[in-house]
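Take the position in the sequence shown, starting the count at 1, then add 3; the result is the number in the working numbering. From the three backbone atoms N, C-alpha and C, an ideal C-beta is built for every residue, glycine too.
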Amino acid sequence: MFARRYFGTDGVRGVAGVHPMTATFALRLGMAVGETVHPTGGGAPHVLIGMDTRRSGLMLAHAAAAGLTSRGVHVTWLGVLPTPGVSFLTRALGADAGLMVSASHNPFLDNGLKLFDRNGEKLSDEIEAEIEQVVDRLGTAGDDLPTVSGSSIGSVTVARPWDAAGPTAGADASVINLYVKHLLDNAPYLDGMRVVVDCAHGASHLIAPQLFAKLGARLEVLNAAPDGVNINVACGSTHPEALVEHVVDGGFDVGITFDGDADRALLIDAKGRVVTGDHMLAIAAMSRGEKGLVATQMSNMGTENYLRERGVTMHRAKVGDRYVFEELKRRDLTLGGEQSGHLLFLDKAPTGDGMLTALIALSAVRKSGKPLEAWMDEIPVYPQLLKNVKVPPGARDHVAADPGVVAAVDAAEAELAGTGRVLLRPSGTEPLVRVMVEGADPEQVARLTDQVAAAVAGAAERATQT
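#1: According to DSSP, simplified to helix, strand and coil, what is residue 407?
#2: Do you know whose CA, among 159, 433, 442, lies nearest residue 417's CA?
#3: Pick from 281, 51, 419: whose alpha carbon is nearest that of residue 447?
#4: Would you identify the three-state DSSP class for residue 165, choosing helix, strand or coil?
#5: If we ignore side chains and look at the alpha-carbon of each, how far apart do residue 258 and residue 376 end up?
#6: Residue 101 to residue 89, Cα distance in whole Å?
#7: In whole angstroms, what is the alpha-carbon distance linking residue 194 and residue 368?
#8: Per the contact definition of three or more C-beta pairs closer than 8 angstroms, is the region 226-242 in contact with the region 165-177?
#9: Between 148, 210, 147, 192, which has its C-alpha nearest residue 168's C-alpha?
#10: Measure the C-alpha to C-alpha separation of residue 202 and residue 468 and round it to an integer number of angstroms.
#11: Going by DSSP, what residue range makes up the alpha helix (DSSP H) through residue 34?
#12: Using three-state DSSP, classify residue 65 as helix, strand or coil.
#13: Report the residue ranges of all alpha helix (DSSP H) runs contained in full by the region 172-236; include only those spanning at least 4 residues, in chain order.
#14: Who are the Cβ neighbours of residue 403 in its own chain at under 6 angstroms, not counting the five residues just before and after it?
#15: Can you tell me which of the three DSSP states residue 328 falls into?
#16: DSSP on residue 370, reduced to helix/strand/coil?
#17: Excluding five sequence neighbours on each side, which residues of the same chain lie with their C-beta closer than 7 angstroms to the C-beta of residue 350?
#18: Residue 437 bridges to which residues according to DSSP?
#19: Who pairs with residue 77 in a beta bridge, going by DSSP?
#20: With H, G and I counted as helix, E and B as strand and the rest as coil, what does DSSP make of residue 146?
#21: To the nearest angstrom, how far is the alpha carbon of residue 37 from that of residue 173?
#22: Counting pairs of beta carbons, one from the region 118-137 and one from the region 61-81, are three or more of them closer than 8 angstroms?
#23: Can you list, in chain order, the residues of its chain whose CB lies under 6 angstroms from that of residue 163, leaving out five sequence neighbours each side?
#24: Thinking C-alpha only, which one of 239, 440, 293, 218 is nearest residue 207?
#25: Check whether the Cβ atoms of residue 354 and residue 344 lie closer than 9 angstroms to each other.
#26: Once DSSP output is grouped into helix, strand and coil, what is the label at residue 86?
#27: Roughly how many angstroms lie between the CA atoms of residue 182 and residue 311, to the nearest whole one?
#28: From which residue to which residue does the alpha helix (DSSP H) around residue 308 run?
#29: May I ask you to list the residues that DSSP assigns as paired with residue 115?
#30: Could you check what DSSP says for residue 451 in three-state terms: helix, strand or coil?
#31: Would you decide whether residue 147 is buried or exposed? Buried here means 16 or more other CB atoms lie within 10 Å of its CB.
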């Protein structure tokens with residue numbers, strides 16, 4: 004196991020302007036990547052950089068680009084683009100690495116630095132630990148940072164933004180066309196379907212509206228006017244409530260909502276029901292003829308039972324697309340994902356992609372001949388309640404292992420007696436412990452959730468006093 008100080012389950016993340024999410028750190032990270040990434044062929048290494056719409060994005064991306072070019076790396080600047088677009092293009096363009104500046108579904112105050120290897124996959128723990136060692140070494144160098152000079156300094160190429168009306172090939176075409184073509188290759192023709200898309204004022208706002216219109220949808224677009232601070236604010240996949248109301252009141256066939264970096268998506272059916280990642284996994288599994296898939300500890304027991312009855316085995320991994328990815332690789336499977344709408348189709352792409360997820364789900368629905376509402380009626384959902392309990396920074400694991408918390412979990416599981424589950428999960432990115440209870444009786448689920456959450460809150464209070 005490789006100890007890491009800065010990298011979490013989804014890159015480096017934190018409050019922008021506060022260490023490590025500073026321009027200084029991003030500069031050193033860029034230099035460290037330049038030192039550790041080696042080109043596959045001759046010449047200088049090549050790294051792609053993309054970002055979402057946060058105000059701090061340019062600060063961090065430009066600092067990282069300065070660090071990279073100071074070590075002789077050629078940078079292609081992709082601008083605002085979904086995280087999966089950076090991943091896909093890193094592989095498609097034969098780049099040596101990709102860097103995405105985003106904190107995904109987090110508030111605008113946060114930001115993050117996420118790295119991909121030349122295959123468009125997240126870096127291994129070993130490589131992340133190596134990069135951290137170089138970052139720390141550079142931190143002790145003061146102003147005497149090692150750089151190249153003259154013609155060895157790396158160059159920056161700015162990619163043209165994608166435009167549906169623009170050229171698709173040739174010198175004047177945007178390299179982003181490769182990513183859009185990849186999406187279109189997996190898309191159904193929507194043939195007048197009434198669709199409303201919520202872009203969360205995030206990275207999807209430049210591509211998603213044009214993409215779904217190009218597919219023939221009768222389209223309405225919401226939350227596609229980013230101002231640097233409104234990303235994910237009361238919108239997007241973490242706040243689907245307003246979209247639910249909009250779909251029902253407007254008589255839409257389907258709503259689609261992305262998070263800030265568009266690596267996940269949720270759908271809303273015509274009755275206003277949220278189509279979660281669990282639902283989309285089941286729909287995709289049936290359409291693709293899968294015999295096995297990977298979900299997470301949070302995935303609903305109703306989905307698991309539905310799939311089992313149809314000959315599909317649901318394997319569970321820890322929460323986090325990194326762990327789903329690892330389990331898919333270990334079991335040689337291609338379909339997996341999370342309840343949040345972060346799905347992986349490893350035969351299509353190396354990382355989760357909200358637009359691809361929505362397109363594959365809609366394609367499966369069309370192929371089945373059943374409307375989305377019929378799928379929602381068919382796939383059972385057990386009552387499941389999730390509560391986030393704030394804990395002192397750095398105390399997440401300690402609180403989860405507190406004897407009082409362990410006793411509360413044991414008591415809840417004993418009462419459920421095999422008809423449900425209790426899951427305690429320290430967040431990998433925030434100072435939270437998540438309490439989830441699932442069972443057949445909604446009142447029992449609510450009561451047990453409150454009991455366990457109270458035990459966690461008590462342990463958190465004790466932790467602040469030590």
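On the basis of the coordinates in this document:
#1: Residue state, collapsed to three classes: helix.
#2: Relative to residue 417, the option among 159, 433, 442 whose CA is nearest is 442.
#3: Nearest option by C-alpha distance: 419.
#4: Residue state, collapsed to three classes: coil.
#5: In a straight line, the C-alpha of residue 258 is about 12 angstroms away from that of residue 376.
#6: If you take the alpha carbons of residue 101 and residue 89, they lie about 6 angstroms apart.
#7: Residue 194 and residue 368 have their alpha carbons spaced roughly 14 angstroms apart.
#8: Proximity of the region 165-177 to the region 226-242 falls short of the contact definition, fewer than three beta-carbon pairs being nearer than 8 angstroms.
#9: The candidate whose alpha carbon is nearest that of residue 168 is 210.
#10: Cα to Cα, residue 202 sits roughly 42 angstroms from residue 468.
#11: Run containing residue 34: 26-39, per the alpha helix (DSSP H) assignment.
#12: Taken through DSSP and simplified to helix, strand or coil, residue 65 comes out as helix.
#13: Taking only runs of at least 4 residues, the alpha helix (DSSP H) segments lying wholly in the region 172-236 are 179-188, 211-217.
#14: Only 427, 429, 436 meet the Cβ criterion.
#15: Per DSSP, reduced to three states, the secondary structure at residue 328 is helical.
#16: Residue state, collapsed to three classes: helix.
#17: Contacts found: 337.
#18: Note: residue 437 sits in a beta bridge opposite 391, 428.
#19: Bridge partners of residue 77: 49.
#20: Note: residue 146 maps to coil in three-state DSSP.
#21: For residue 37 and residue 173, the distance between alpha carbons rounds to 30 angstroms.
#22: No, they do not touch.
#23: Taken in chain order, the residues that qualify are 177.
#24: Nearest of 239, 440, 293, 218 to residue 207, Cα basis: 239.
#25: Cβ distance not < 9 angstroms, so residue 354 and residue 344 don't count as in contact.
#26: Residue 86 falls in the helix class under three-state DSSP.
#27: Cα to Cα, the separation comes out at about 35 angstroms.
#28: Looking at the DSSP string, the run of the alpha helix (DSSP H) that includes residue 308 is 304-312.
#29: BP columns for residue 115 point to 16.
#30: In the three-state reduction of the DSSP assignment, residue 451 falls in the helix class, which pools H, G and I.
#31: Only exposed fits residue 147, as fewer than 16 other CB atoms lie within 10 angstroms of its CB.
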